Every structure is written in structure tokens, then in C-alpha cells.
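Here the structure is laid out as C-alpha cells; the discussion comes afterwards.
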Amino acid sequence: MTLHCQYIPRKVSDMRGVLILFFCLAFSGMVQAQDEQLGRDTSADWLEYYYLKPKPDEFVKYMKSYSQDGTLSNENARPALIGFISQVIRQNRDKLEKWFYDLSGLPPEHMQVLTTAMLYSRTKEADQLLQDVFGDQFEKQKEELPKILELQLDKPHTIDMIWGFFYATGSENAVRRLVWCFNFVDAPKDPTFAKVPEGFSPLYRELPEAAAYTILSNAERHKRVREICKKLYEDEEAL
Numbered sequence: 416m417t418l419h420c421q422y423i424p425r426k427v428s429d430m431r432g433v434l435i436l437f438f439c440l441a442f443s444g445m446v447q448a449q450d451e452q453l454g455r456d457t458s459a460d461w462l463e464y465y466y467l468k469p470k471p472d473e474f475v476k477y478m479k480s481y482s483q484d485g486t487l488s489n490e491n492a493r494p495a496l497i498g499f500i501s502q503v504i505r506q507n508r509d510k511l512e513k514w515f516y517d518l519s520g521l522p523p524e525h526m527q528v529l530t531t532a533m534l535y536s537r538t539k540e541a542d543q544l545l546q547d548v549f550g551d552q553f554e555k556q557k558e559e560l561p562k563i564l565e566l567q568l569d570k571p572h573t574i575d576m577i578w579g580f581f582y583a584t585g586s587e588n589a590v591r592r593l594v595w596c597f598n599f600v601d602a603p604k605d606p607t608f609a610k611v612p613e614g615f616s617p618l619y620r621e622l623p624e625a626a627a628y629t630i631l632s633n634a635e636r637h638k639r640v641r642e643i644c645k646k647l648y649e650d651e652e653a654l
């Protein structure tokens, strides 16, 4: 399974050029022409295209498959998986208890992906199950946990979690949150509010390029992403 949300850092002399490049490519005829090429059976990737045709009854089957093929052990894949699973749970609260016990035989580290997603689902059904299993430890974790779309953007893996959220929902708010990263394009390299070690740069300096890279990567594959970005680009107030 390939998740099209990971960012590979690149050196760019002009960050504004990255943003201009993104908008030029995302809405060009070249990208639009890919619609036919990508018109193949998108259900082939159950997770990435889930929002187009949700199939929650296949949840347990795929989680077991991801456990067997090592996906649930992949540190790079976990953030997007957690974001995705959390929203599938929100959409299928009545199925969660059965899913939880059907998957209880997975290795502990794989079950941790599920239980973390349950926390982020912010549902009473998940809360009750987690309370039964973890007791007071769960209550402490719950108090400290923000909503996915309210996570700090300058933290590792937040962008991937937001893409997982999108794959489950097709949410405009998820893409809007990623576009918001462009606000950091003029952020200072040496902030007065924090001491940055010599030779290092604040993580937020990479956010505009990281967001542009992942949005473009997904815009090439998802018409929904292009539609949302075009709407935001044309509506100055939306930005």
C-alpha cells in the first residue's frame, strides 16, 4: 500500500516559487488530462480512495492484511493510518465494538495503532472501550489530546495524519488546514520567541514546501483535492 502524503525535504532557493509552481501544475491541462488515466478502478486502493465509496464492512479484513504485510509496523505509514482509522470509526460507531474484539488478536504494537485512532475518533463508543481496557491511564491521555484538524502543524507527522483524515472523509476542512501552512512562507528563520541551535532551522520553515509537495502529489490523483484547492484559490476570503 502506498500513501501519497509523505514529504521528502528538498532545497529550494525561493519558497514562493514552490507555491506558484503548485498552483500552476495543480490546475493545468496536464493534470486535468490525467483524469482518464486515473479513471481506472480506484477501489483498488481501499484506504486512499475510501471517501469515494466507503466499504466499512472490509475494515477488519484490511486491518489484518496491513498487520500481516507489515504496514502497521511501518513508522512512516502509521500517522496517516491513525488519521484514517479515526474517521472510519466516527462514521461507524455501531461497528466499533465488534471490530475491536475481532482485531484483539493482533500484535500489541499493531493494536496500538487502532487504540490511538480510537482516541482521536473522539467518540463515546471508543471512549468506553478504552476506559474498560486502560482505566485511569485513558482518562489522562484523553485530556491531553486535541482534534486532528487542531493539531499543531509544525509537529512531525501532523500533515500525514491530516491526509489520512481526508482519505476517510474527502473533507474540505482537511485540505483547507494544509493550505493554511502557506502562511509560514515568510516566517522568520531566527525567531525571537525561541532559541534555535546554530545550523538548525525551525520546523515551521519547511511547512509551506511540505504542504505544497503533498497537496500536489494528491491533487494529481484526486479530483476532489483539485476542486477544493481551486475553490480556495479563487475565493480570497476563504484563505
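Here the sequence shown stands for residues 416 to 654, numbered as in my numbering.
Beta carbons are placed, not taken as given, at the ideal position from N, Cα and C, and that holds for glycine.
Predicted, not measured: the structure shown is a model, and the values here were computed from it.
- Backbone secondary structure at W514 - three-state DSSP: For this step, residue 514 is matched to residue 99 along the sequence shown. W514: helix per DSSP, three-state reduction.
- 8 Å Cβ cutoff met for I574 and A625: Within the sequence shown, residue 574 is the residue found at index 159, counting from 1. Within the sequence shown, residue 625 is the residue found at index 210, counting from 1. Going by C-beta atoms, I574 is nearer than 8 Å to A625.
- Message: For the alpha helix (DSSP H) containing Y535, name the first residue and the last one.
- Response: Within the sequence shown, numbered from 1, the residue matching residue 535 stands at position 120. Start and end: P523 to S536.
- Query: Is the CB-CB distance between M533 and I504 below 8 Å?
  - Reply: Working through the sequence shown from its first residue, we reach residue 533 at position 118. Working through the sequence shown from its first residue, we reach residue 504 at position 89. In contact: M533 and I504 (Cβ atoms closer than 8 Å).
- Item | Nearest candidate by alpha-carbon position, reference D601, set R641, L622, Y466 and S501 | Indexing the sequence shown from 1 puts residue 601 at position 186. Nearest of R641, L622, Y466 and S501 to D601, Cα basis: L622.
- Task: With DSSP collapsed to three states, give me the class of Y481.
- Result: Counting from one through the sequence shown, the residue named residue 481 turns up at place 66. Reduced to three states, the DSSP call for Y481 is helix.
- In this structure, does DSSP put N598 in helix, strand or coil? Working through the sequence shown from its first residue, we reach residue 598 at position 183. It is helical.
- Task: Report yes if the C-beta distance between A583 and Q483 is below 8 Å; otherwise report no.
- Result: As a first step, residue 583 is located in the sequence shown; it is residue number 168 there, counting from the start. As a first step, residue 483 is located in the sequence shown; it is residue number 68 there, counting from the start. In this structure, Q483 does not lie closer than 8 Å to A583 by Cβ.
- Using 8 Å as the Cβ pair cut-off and three pairs as the minimum, do the region 492-499 and the region 579-597 touch? yes
- Taking I577 and L564 to be in contact with their CB atoms under 8 Å, please state how far apart those CB atoms are, rounded to whole angstroms. In the sequence shown, the residue the question calls residue 577 occupies position 162. In the sequence shown, the residue the question calls residue 564 occupies position 149. Sure, about 7 Å apart at Cβ, within 8 Å.
- W514 versus L529: straight-line alpha-carbon distance, rounded: Working through the sequence shown from its first residue, we reach residue 514 at position 99. Working through the sequence shown from its first residue, we reach residue 529 at position 114. For W514 and L529, the distance between alpha carbons rounds to 10 Å.
- Contacts around E540, its chain only, beta-carbon distance under 6 Å, and the 5 residues preceding and following it disregarded: On the sequence shown, residue 540 is found 125 positions in, with the first residue counted as 1. Excluding positions up to five away in sequence, the list reads R508 and L511.
- Message: Measuring only the C-alpha atoms, how far is R639 from L568?
- Response: Within the sequence shown, residue 639 is the residue found at index 224, counting from 1. Within the sequence shown, residue 568 is the residue found at index 153, counting from 1. R639 and L568: Cα-Cα distance of roughly 22 Å.
- Item | Given D650 as reference, the closest of P571, R591, K479 and T629 once Cα atoms are compared | Here the question's residue 650 lines up with position 235 in the sequence shown. Selected option, being the one with the closest Cα: R591.
- Under 8 Å, do L518 and V475 count as touching if we go by C-beta distance? For the purposes of this step, residue 518 is identified with residue 103 of the sequence shown, where counting begins at 1. For the purposes of this step, residue 475 is identified with residue 60 of the sequence shown, where counting begins at 1. Going by beta carbons, L518 and V475 fall inside the 8 Å limit.
- What span of residues does the alpha helix (DSSP H) with D542 cover, start to end? As a first step, residue 542 must be located in the sequence shown, where it is residue number 127. Its alpha helix (DSSP H) spans residues K539 to F549.
- Item | Helix, strand or coil at G498 [DSSP, three-state] | Here the question's residue 498 lines up with position 83 in the sequence shown. Helix, per DSSP.
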